[in-house]
Amino acid sequence: MPYQRGDRIMEPAGRRGGHQVSQQPQGKSAVDEHFAKASALEPEAMAKVKAGELSEALGLLSQMKKELDEAAYAAGPGSPNQGWISEAATLVEGNINFCNSYLPYEMLLEPSSKKK
1 MPYQRGDRIM EPAGRRGGHQ VSQQPQGKSA VDEHFAKASA LEPEAMAKVK AGELSEALGL
61 LSQMKKELDE AAYAAGPGSP NQGWISEAAT LVEGNINFCN SYLPYEMLLE PSSKKK
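Note that the UniProt record's numbering has the sequence shown beginning at 1, numbered continuously upward.
Okay, structure coming up:
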């Protein structure tokens, strides 16, 4: 359908109502929601690492990695968010590898109590 100068161009269906289709009713996108869940888990996971509870920390870190993977999938290829999501996922993967490297030596972090 050819347009001429001055013709009104219809707004795309995805933008009708003032918000994009990919956004949820609360105004947060799926990417923001998954990233917020991962960000909420981070302080708890780091506290577990500092306390020496590596197996619990690994569980939390793997949940963070899963949420970041979901955020990357929701963002889609070519998204402007893709860079910082992949950077965060790389850092979480490094934390998981760090915990896995110390897991065999966990007994040295918390020695058994001596019987008196």
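Note that CB positions come from ideal geometry on N, CA and C, so glycine has one too.
Residue i (DSSP reduced to helix, strand or coil)
i     : result
Ser29 : strand
Gln63 : helix
Pro77 : coil
Tyr3  : coil
Glu70 : helix
Glu11 : coil
Glu42 : helix
Glu53 : coil
Alpha helix (DSSP H) segment containing residue i, residue limits
i     : result
Gln82 : Gln82 to Tyr102
Does the segment 4-11 come close enough to the segment 42-62 to have 3 or more Cβ pairs within less than 8 Å? No, the segment 4-11 is not in contact with the segment 42-62.
The segment 39-50 touching the segment 69-82, judged by at least three CB pairs closer than 8 Å: Taking a cut-off of 8 Å on C-beta distances, the segment 39-50 does not touch the segment 69-82, as fewer than three cross pairs fall below it.
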